[in-house]
Amino acid sequence: MNATALFEARGLHMRFGDRVVLENVSLAFPEGQLSGIMGPNGAGKTTCFNVLTGRYRPTRGQVLFRGQDITGLSPHRIARLGVSRSFQLLNLFNDFTAEENVLVALPGLRDHGMNMARDVMADRSLRDRAAAVLDRVGLGAKGGIPARQLPYGDRRALEIGVALAADPAVLFLDEPTSGLGADAIGRLAELVRRLKGEVTIVAIEHDMEFLFGLADTIAVIHWGQVIRHGTPDALRADPWVRNSNLGRLK
Amino acid sequence: MAAALLALENVSKVYTRGWPKRRVTFRIEADLAFDQPAIIGMMGPNGAGKTTLFELMTGSNQPSDGRVLCLGRDIHRVRYDERDRLAIHYHQSYQVRRFRRRVPSFLLERAGSDYPMVHLFDEPQFNTQDGYIGFMLDFFRRLRAEGRLVFVCLHPTARYHIDLLREICDRYLFVADGRVAAAPSFATLTQNDRCRAYLGELAD
């Protein structure tokens, strides 16, 4: 890895009781790149994500952001440093409109205190920023629609919008294609391709095809360990990949 | 001389039933030593004791007799939460460890190692459709190159299972009838009549 790592994990170990969930995982995510993490079900991908984003404190090992040790900081502290994440299962305020979902995620909102709802709707600059975020994720025309009425693919995009509202330096996406049909996956891939380069992205994904088309490098996790790391081209050259369903795709 | 990566010194595990007259329902014995990093293929019929053997090696199942030494340490005398710094057992995709805590942890020894040197893969799911097999095989090779001992336990049901074992394994163990037979190559393994019967047409 030549590019400097914006975000790094060194020797992560995670134990739940007697179970080893992560065993000596080291990863580096270079600035401006899209790094993929893939692996079969139960391999430890989501646990790895939760350790990286501060939800779990690792049993051993370090997490570094811009060279600073952030191991064990709470998720909101990590988020304030410029690390955002989306979730495998959607985390949205369903009764709120798309615009309101983004508004509550804008960092400026904290200054509004108690009367935030009334103040925010009157604050042109905040609403402009929310509109810009919605445009960025392709929901510019749908700001007024309550989240629950949006199609699933749009809700996924909205969730990415919510994560982008804080203008993070790193965006973590946890299985962004989960629950989506082929068309929606295609639109999501377009969105992620547009965002790539604007923000450093780390995506956990079960769908190899999606990652192979977007990632700069991919870490394959199995048995709680990084079993392989490489570019999509290098991974695709593996004879077992070529002979799998994936190899036949193209 | 440095301690062997793993040694099973006259290890046996016996399960019995009945009282007052006890009847042996299951028995496995092993006397094996592994000095060098290697990938060892393990096979044997269902119920032969492959998983029990793995549990004995990782310290999650106490032997009835004998000792299991991992890097020279009796793994059954090491603190429960540090045994995975010596040997770890992966069942299919996840890790299984259920320790019966007989002695408080603080009375036990430290592992003396940060990372496990023995990795036991219990029936890993080799699925030709998902594309992961090559990565898994590369990983086993990398562990060996790092000086570790790797066991791959597989119940071969298809030709490619045999092909991939032959591709990566340095040696084999065949577990049946309460015994563990070691074979230096696949060819010698299939000279064992019991093993030929077990593998059926896959032996040829």
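Keeping their order, the protein sequence lines are chains A and B. To get our numbering, take the position in the first sequence, counting from 1, and add 93. To get our numbering, take the position in the second sequence, counting from 1, and add 36. All C-beta atoms, glycine included, are put in the ideal place defined by N, C-alpha and C.
* Asked: Can you list, in chain order, the residues of the segment 138-156 of chain B whose Cβ is nearer than 9 angstroms to any Cβ on chain A?
  -> Asp150, Tyr151, Pro152, His155
* Whole-number beta carbon distance between Leu304 (chain A) and Val230 (chain A), since they are thought to touch under 8 angstroms -> By one-based count along the first sequence, residue 230 (chain A) stands at place 137. By one-based count along the first sequence, residue 304 (chain A) stands at place 211. Contact doesn't hold; Cβ gap of about 20 angstroms is too wide.
* Asked: Taking Cβ-Cβ distances shorter than 7 angstroms, what residues in chain B pair up with Asp334 (chain A)?
  -> For the purposes of this step, residue 334 (chain A) is taken as the residue at position 241 of the first sequence. Per the sequence shown, the amino acid found at residue 334 (chain A) is Val instead of Asp. Ordered by position in chain B, the residues that pass the 7 angstroms Cβ test against Val334 (chain A) are Gly167, Gly170.
* Asked: Roughly how many angstroms lie between the CA atoms of Phe176 (chain B) and Thr293 (chain A), to the nearest whole one?
  -> Sequence index remark: in the second sequence, residue 176 (chain B) carries index 140 (1-based). Sequence index remark: in the first sequence, residue 293 (chain A) carries index 200 (1-based). Going from the Cα of Phe176 (chain B) to the Cα of Thr293 (chain A) covers about 31 angstroms.
* Count the other C-beta atoms from every protein chain shown that fall within 10 angstroms of the C-beta of Pro244 (chain A), then say buried if there are 16 or more, exposed otherwise. => Position 151 of the first sequence, counted from the start, is the residue given in the question as residue 244 (chain A). Under this definition Pro244 (chain A) is an exposed residue.
* To do: For Arg249 (chain A), name the three-state secondary structure that DSSP assigns.
  => Working through the first sequence from its first residue, we reach residue 249 (chain A) at position 156. Of the three classes helix, strand and coil, the one that applies to Arg249 (chain A) here is helix, per DSSP.
* Interface residues of chain B facing Ser337 (chain A) [CB-CB closer than 7 angstroms] -> If you number the first sequence from 1, residue 337 (chain A) lands on position 244. Near Ser337 (chain A) (Cβ distances below 7 angstroms), the residues of chain B are Thr164, Gln165, Asp166, Gly167.
* So with Cβ pairs under 8 angstroms, would you call Met107 (chain A) a contact of chain B? -> For the purposes of this step, residue 107 (chain A) is taken as residue 14 along the first sequence, with counting starting at 1. So, not an interface residue.
* **Reference Ala224 (chain A), options A:Arg241, A:Gly246, A:Leu251, closest by Cα** => Taking the first residue of the first sequence as 1, we reach residue 224 (chain A) at position 131. If we check each option's Cα against that of Ala224 (chain A), A:Leu251 comes out closest.
* Give the straight-line distance between the Cα atoms of Ala344 (chain A) and Leu307 (chain A), rounded to the nearest whole angstrom. => Outside the modelled stretch of chain A, which goes from 94 to 343, sits residue 344 (chain A), for which no answer is possible.
* So with Cβ pairs under 8 angstroms, would you call Asp300 (chain A) a contact of chain B? -> Against the first sequence, residue 300 (chain A) aligns to sequence position 207. Not closer than 8 angstroms to any Cβ of chain B, the Cβ of Asp300 (chain A) fails to qualify, so no.
* Alpha carbon to alpha carbon, how far is Gly129 (chain A) from Ile297 (chain A)? Give it in angstroms, no decimals. => Mapped onto the first sequence, residue 297 (chain A) falls at position 204. Mapped onto the first sequence, residue 129 (chain A) falls at position 36. Between Ile297 (chain A) and Gly129 (chain A), the C-alpha separation is close to 6 angstroms.
* Cutoff 8 angstroms: Phe187 (chain B) Cβ touching any chain A Cβ -> Taking the second sequence and counting its residues from 1, the one referred to as residue 187 (chain B) is at position 151. Judged by the 8 angstroms Cβ criterion, Phe187 (chain B) is not in contact with chain A.
* Could you confirm whether any beta carbon from chain B is found closer than 8 angstroms to the beta carbon of Pro133 (chain A)? => As a working note, residue 133 (chain A) is residue 40 in the first sequence. Closer than 8 angstroms: yes.
* Is the beta carbon of Ala39 (chain B) less than 8 angstroms from the beta carbon of Leu107 (chain B)? -> Locating residue 39 (chain B) in the second sequence gives position 3, counting from the first residue. Locating residue 107 (chain B) in the second sequence gives position 71, counting from the first residue. Cβ atoms of Ala39 (chain B) and Leu107 (chain B): closer than 8 angstroms.
* Asked: Taking the alpha-carbon positions, what's the Phe90 (chain B) to Val216 (chain B) distance?
  -> Here residue 90 (chain B) corresponds to residue number 54 of the second sequence, with the count starting at 1. Here residue 216 (chain B) corresponds to residue number 180 of the second sequence, with the count starting at 1. Taking the straight line from one Cα to the other gives about 12 angstroms.
* For Gln161 (chain A), which three-state DSSP category applies? -> Position 68 of the first sequence, counted from the first residue, corresponds to residue 161 (chain A). In the structure shown, Gln161 (chain A) sits in a strand (DSSP, three-state: E or B).
* **Min CB distance Asp158 (chain B) to chain A below 8 angstroms** => For the purposes of this step, residue 158 (chain B) is taken as the residue at position 122 of the second sequence. Taking Cβ atoms only, chain A never reaches closer than 8 angstroms to Asp158 (chain B), which makes this a no.
* Chain-order list of residues whose beta-carbon lies under 7 angstroms from that of Thr97 (chain A) (same chain, five-residue window excluded) -> Within the first sequence, the letter at position 4 stands for residue 97 (chain A). The residues are Pro123, Glu124.
* Per DSSP, what kind of secondary structure is Gly154 (chain A) in: helix, strand or coil? -> The residue you call residue 154 (chain A) lines up with position 61 of the first sequence. Strand at Gly154 (chain A).
* **Cβ-based contacts, 9 angstroms cut-off: residues of the segment 278-310 of chain A near chain B** => Of all residues in the segment 278-310 of chain A, the ones placed with a Cβ closer than 9 angstroms to any Cβ belonging to chain B are Met301, in chain order.
* Asked: Does the distance from the CB of Glu192 (chain A) to the CB of Gly236 (chain A) come in under 8 angstroms?
  -> On the first sequence, position 99 is the one that residue 192 (chain A) refers to. On the first sequence, position 143 is the one that residue 236 (chain A) refers to. In this structure, Glu192 (chain A) places its C-beta atom within 8 angstroms of the C-beta atom of Gly236 (chain A).
* Asked: Going by alpha carbons, who is nearest to Gly323 (chain A) out of B:Leu200, B:Asp174, B:Leu235?
  -> For the purposes of this step, residue 323 (chain A) is taken as residue 230 along the first sequence, with counting starting at 1. The option with the nearest alpha carbon to Gly323 (chain A) is B:Asp174.
* To do: Please classify Val319 (chain A): is it buried, with 16 or more other beta-carbons within 10 angstroms of its beta-carbon, or exposed?
  => Residue mapping note: residue 319 (chain A) aligns to position 226 of the first sequence, counting from 1. Label assigned to Val319 (chain A): buried.
* **chain B within 8 angstroms of Thr268 (chain A), Cβ atoms only** => Start at 1 with the first residue of the first sequence, and residue 268 (chain A) comes out as number 175. Checking the displayed sequence, the identity of residue 268 (chain A) turns out to be Glu instead of Thr. Cβ-Cβ to chain B under 8 angstroms: no for Glu268 (chain A).
* Asked: So, is the C-beta of Arg184 (chain A) closer than 8 angstroms to a C-beta in chain B?
  -> The count along the first sequence starts at 1 and reaches residue 184 (chain A) at position 91. Sequence inspection shows Asn at residue 184 (chain A); the Arg mentioned does not correspond to that position. Answer no: the Cβ-Cβ gap between Asn184 (chain A) and chain B never drops below 8 angstroms.
* Asked: Mind checking Lys188 (chain A): buried by the 16 CB within 10 Å criterion, or exposed?
  -> Here residue 188 (chain A) corresponds to residue number 95 of the first sequence, with the count starting at 1. In the sequence as presented, Lys is not what sits at residue 188 (chain A); that position holds Asp. By the neighbour-count rule (16 or more Cβ atoms within 10 Å), Asp188 (chain A) is not buried but exposed.
* Asked: Which of helix, strand or coil does DSSP assign to Cys106 (chain B)?
  -> In the second sequence, the residue the question calls residue 106 (chain B) occupies position 70. In the three-state reduction of the DSSP assignment, Cys106 (chain B) falls in the strand class.
* Asked: Apart from the five residues just before and just after Gly233 (chain A), which ones in its own chain have a Cβ nearer than 6 angstroms to its Cβ?
  -> Residue mapping note: residue 233 (chain A) aligns to position 140 of the first sequence, counting from 1. Cβ contact annotation for Gly233 (chain A) (same chain, cutoff 6 angstroms, sequence separation greater than five): Leu227, in chain order.
* Would you mind telling me which residues of chain A sit closer than 8 angstroms to Leu90 (chain B), beta carbon to beta carbon, in chain order? => Here the question's residue 90 (chain B) lines up with position 54 in the second sequence. The sequence given here has Phe at residue 90 (chain B), not Leu. Result: empty, since nearest Cβ-Cβ is about 14 angstroms, beyond 8 angstroms.
* **Test item: CB-CB of Ala66 (chain B) and Leu44 (chain B) under 8 angstroms** => Here residue 66 (chain B) is taken as the residue at index 30 of the second sequence, counted from 1. Here residue 44 (chain B) is taken as the residue at index 8 of the second sequence, counted from 1. Yes, the pair counts as a contact, with Cβ atoms nearer than the cut-off.
* Interface partners of Asp326 (chain A) on chain B, CB under 7 angstroms -> Within the first sequence, the letter at position 233 stands for residue 326 (chain A). By Cβ distance, chain B contributes nothing, its closest Cβ being about 14 angstroms from Asp326 (chain A), past 7 angstroms.
* Asked: CB of Ala282 (chain A) to nearest heavy atom of the ligand SAM: below 7 angstroms?
  -> In terms of ligand content, the structure shown is empty, and the ligand SAM therefore cannot be addressed.
* **Whole-angstrom C-beta distance between Arg146 (chain B) and Arg115 (chain B), which should lie under 8 angstroms** => Stepping through the second sequence from its first residue, residue 115 (chain B) is reached at position 79. Stepping through the second sequence from its first residue, residue 146 (chain B) is reached at position 110. Rounded, the Cβ-Cβ distance is 6 angstroms, consistent with contact.
* Asked: Asp120 (chain B) versus chain A: which residues are under 8 angstroms apart at the beta carbon?
  -> As a working mapping, residue 120 (chain B) is identified with position 84 in the second sequence. What Asp120 (chain B) touches in chain A: Arg108, Val113, Glu116.
* To do: Determine the DSSP secondary structure at Gln126 (chain A), reduced to helix, strand or coil.
  => Taking the first residue of the first sequence as 1, we reach residue 126 (chain A) at position 33. Residue state, collapsed to three classes: coil.
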